[in-house]
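Going down the list, the protein sequences come from chains A and B.
Take the first sequence: its position 61, counting from 1, is numbered 56 in my numbering, and each next residue is one higher.
Take the second sequence: its position 214, counting from 1, is numbered 209 in my numbering, and each next residue is one higher.
Data block below; observations after.
Protein chains: 2
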Amino acid sequence: MSAGGLKLVESEPASLHADIVGQLRDFIVEGHLAPGSRVPERELCEKFDISRTPLREALKVLAAEGLIELLPNRGARIRQFSEADIRNLFEVISGLDFVAGRLACARITDDAIAAIEKMHLEMYTHYLRRELADYFRVNQKIHQAIVDAAGNPVLSANYANLNSIVRRLRYSANLVGRDRLGDAMREHEQIVDALRRRSSDELALLMFEHMRSKCEAVCEYVRDQQQGDSKDDIPVAALPL
Amino acid sequence: MSAGGLKLVESEPASLHADIVGQLRDFIVEGHLAPGSRVPERELCEKFDISRTPLREALKVLAAEGLIELLPNRGARIRQFSEADIRNLFEVISGLDFVAGRLACARITDDAIAAIEKMHLEMYTHYLRRELADYFRVNQKIHQAIVDAAGNPVLSANYANLNSIVRRLRYSANLVGRDRLGDAMREHEQIVDALRRRSSDELALLMFEHMRSKCEAVCEYVRDQQQGDSKDDIPVAALPL
DNA sequence: CCTGTCATTTTTGAATTCAAATACTTCAAT
DNA sequence: ATTGAAGTATTTGAATTCAAAAATGACAGG
């Protein structure tokens, strides 16, 4: 996270360390490691063909971002997110979307708007064809484009950080009620429209609300899933992100 | 930073690693290392009495938080913040304050309000006596208390993360125009009042605006300072956080 | 006197090593 | 058969080591 954590969006020649962090983050976000499972240092070392030192450095960073948790003398585990965790996450993302909307309206170029409209159409096509994976991919691209249009690297970095967690959840929750998908499309239409008109307050509010719906959708999925396989689940500790 | 960068607020027995990260963060925030200067690994190792491995792990985390930057094969440097960086930072913090205000109004307990009012009085005393250091310390405590009252650990962690950078700047900018201080006091009065009345929209807006003023104050200071000692300054690269 | 090249020293990044803590296996006792 | 204890193996966390890269400094040539 970073925050959190925040990670850099290096223009630099890209160090090995940054590479490893990125690769490992993707690997986790894409769901190759089950939530709650331990992170197999040894295996990952040979997978990435590095020694334990750089891998462990990457683990510390990802722990700071909130993707994994470090248990003293017991290694790293893929974090499990309770519904409360997810609501907290989305509350913060909503705040970031709020500022992103305002700033984007003020700063976005006509070209960038055109690009977003193009992506919106592309997403619509995937929606019609029920190509879920592609739909989500373009969806993410649109949101990132709006955030980037705010022209604030700090915002982009923080947003990407929190979003990596949402994406990880989304990878598990690959199917969503089709009604929700329709709602999401409509919300996106309004968002693109507000952006086109550069209606700052309206866009900020729309994005805020859109995130709220998204949150409900993810929570719903997680609730269902946790009912389903609660038998072999580690009791979910509501840890701070 | 995260994105944050985010750091955990462990209830766990507190690992050595987390300790080191915290200690090193404080050390940097408190301004013991000049902006733009290199981070002396060797010295810090003996200062904290650890080997390079855990120290370097901590450096990676702090780099992700945005406090330092890692130059490939050239070690770590204390980040310098341009005015643009600072504006970006505050834009994001404003967003977090916005949600913090809303949530705090909805969730804060009467006791917590009383505690904040008490701190407000304490800060006022320091203001009257022109005890700057104490004033800032209590100021920080109030803001953190409001954010914590939102009852959202993700928010608290992200806020703390971004704030550590602001605090670092503040440590350099230890003196502020006294008129600005008066303004800040008045803004705080309004904030505490809105919180007492649990006036959510009002509080969110007040905190948003308060951050804007704060941003201007810090920018002003940085501008002055960079004019002053521009001679020995490394050219400030406007790096992404 | 300044500049550019080459050798030396230092610092960095990453692999390896080592001690301590945890997990696992075996075996015995109830 | 299940549980508990003891010993072994594995994993973890951190120090040390090692090769490569960069900084420093000496020296020659302009």
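Quick reminder that beta carbons are idealized off the backbone N, C-alpha and C, glycines included.
Note that the structure is predicted; figures quoted are calculated from it, not measured.
For residue 148 of chain A and chain B, any beta-carbon pair shorter than 8 Å?
-> yes
Of the residues that make up the stretch 32 to 46 of chain B, which ones have a beta carbon closer than 7 Å to any beta carbon in chain A?
-> none
Alpha carbon to alpha carbon, how far is residue 75 of chain B from residue 131 of chain B?
-> 22 Å
Please report how far the alpha carbon of residue 36 of chain B lies from the alpha carbon of residue 155 of chain B, in whole angstroms.
-> 25 Å
Sequence-distant residues of the same chain with beta carbon closer than 6 Å to residue 33 of chain B, five excluded per side = 70, 72
Kindly indicate the opening and closing residues of the beta strand (DSSP E) around residue 72 of chain B.
-> 70 to 73
Would you please verify whether the beta carbon of residue 15 of chain A is less than 8 Å from any beta carbon of chain B?
-> no
Could you check how far apart the C-beta atoms of residue 135 of chain A and residue 162 of chain A are, in whole angstroms? I think they sit under 8 Å.
-> 7 Å
Please name the residues in the stretch 84 to 96 of chain A whose beta-carbon is closer than 7 Å to at least one beta-carbon of chain B, in chain order.
-> 84, 86, 87, 89, 90, 91, 93, 94
Taking buried to mean at least 16 other C-beta atoms within 10 Å of its own C-beta, is residue 209 of chain A buried or exposed?
-> buried
In the stretch 35 to 77 of chain B, which residue ranges form an unbroken alpha helix (DSSP H) of at least 4 residues, counting only runs that do not cross its ends?
-> 36 to 43, 47 to 60
Under 8 Å between C-beta atoms of residue 54 of chain B and residue 45 of chain B | no
Measure the CB-CB distance between residue 88 of chain A and residue 114 of chain A and report whether it falls below 8 Å.
-> no
On the DSSP bridge assignment, give the partners of residue 33 of chain B in chain order.
-> B:72
Starting from residue 50 of chain B, find everything on chain A with Cβ-Cβ shorter than 8 Å and list it in chain order.
-> Going along chain A, no residue has its Cβ under 8 Å from residue 50 of chain B, so there is no contact; the nearest lies around 11 Å.
Looking at the C-beta of residue 198 of chain A, does it have a partner C-beta in chain B at a distance below 8 Å?
-> no
With DSSP as the reference, label residue 11 of chain B as helix, strand or coil.
-> helix
Going by CA-CA distance only, name the one from A:12, A:98, A:85 that's closest to residue 189 of chain A.
-> A:98
For residue 104 of chain B, which three-state DSSP category applies?
-> coil
Given a cut-off of 8 Å, decide if residue 90 of chain B and residue 93 of chain A are closer than it, judged by their beta-carbon atoms.
-> yes
Using a threshold of 8 Å, state whether the C-beta atoms of residue 140 of chain B and residue 175 of chain B are closer than that.
-> no
Which residues, taken in chain order from the stretch 62 to 74 of chain B, show a beta carbon closer than 9 Å to some beta carbon of chain A?
-> 64, 65, 66, 67, 68
Among B:148, B:27, B:107, B:158, which residue has its Cα nearest to the Cα of residue 61 of chain B?
-> B:158
For residue 132 of chain B, does the three-state DSSP call read helix, strand or coil?
-> helix
DSSP three-state assignment for residue 194 of chain B, whether helix, strand or coil | coil
What residues in its chain sit with their C-beta under 7 Å from that of residue 147 of chain B, if we drop five residues either side in the sequence?
-> 98
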